[in-house]
Every structure is written in C-alpha cells, then in structure tokens.
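Asker:
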Amino acid sequence: VAPTPIRALKAEDLVRGKEPNPKRLEWAGAAAMEECRPIDDIRGTGAYRKEMIRILVQRVLRQAVERARANGRTERS
Numbered sequence: 015v016a017p018t019p020i021r022a023l024k025a026e027d028l029v030r031g032k033e034p035n036p037k038r039l040e041w042a043g044a045a046a047m048e049e050c051r052p053i054d055d056i057r058g059t060g061a062y063r064k065e066m067i068r069i070l071v072q073r074v075l076r077q078a079v080e081r082a083r084a085n086g087r088t089e090r091s
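Residues in the sequence shown are numbered from 15 upward in steps of one, following our numbering.
1. Measure the Cβ-Cβ separation of Ile56 and Arg63 and say whether it is below 9 Å.
2. Per DSSP, which one or two residues make a beta bridge with Asp55?
3. Following the continuous alpha helix (DSSP H) through Ala22, name the residue where it begins and the one where it ends.
4. Assuming Ala97 contacts Glu49 (C-beta within less than 8 Å), just tell me the rounded distance between them.
5. So, helix, strand or coil for Gly31, using DSSP?
6. Whole angstroms are fine: how far does the CA of Ala61 sit from the CA of Arg83?
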C-alpha cells in the first residue's frame, strides 16, 4: 500500500501481552490505519488503502488468535 513497509507500533502495543478480544482487535486495526501513509496511484487511493489496512489488520489478528487457540496456545501460556 506504500513505497516502503512500516511497523504499526501503536497497533502492536495494543495487542502485545494482552488478552485478545474483538474490541482490542478493532482498536489495533484503527491504530494501524492511523499510522500508515499510503499513496494514491492508478490502482487505488490512499483513503481506500487506509481502510483496507484497518480491515486486513483486524482479519489477520483474528486468524492468528483462532490458530493459537486451535493449537492450544493462548497469550498467557
């Protein structure tokens, strides 16, 4: 979504070491969206890309939680 990759440090701080829940994952997605500065180009606007970052961060975190739980792992174990 941008010329260089970034780490969404605020989003990381919202989830690292904390019990995952739907609201926390929403907050992390919103934080990642605010931290990024995507560009406009022929394939999409920066606004569209920001919204996709929010959605994809929430989705990937939800999948990670589901996989961890399926494997008997939790944040606290």
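Note that the Cβ used here is the ideal one computed from N, Cα and C, for glycine as well.
Answerer: In brief:
1. In this structure, Arg63 does not lie closer than 9 Å to Ile56 by Cβ.
2. The partner list for Asp55 (beta bridge, DSSP) reads Gly58.
3. For Ala22, there is no enclosing alpha helix (DSSP H), as DSSP gives it neither H nor E.
4. Here the chain covers residues 15 to 91 and nothing more, so residue 97 does not appear.
5. coil
6. Roughly 34 Å between the two C-alpha positions.
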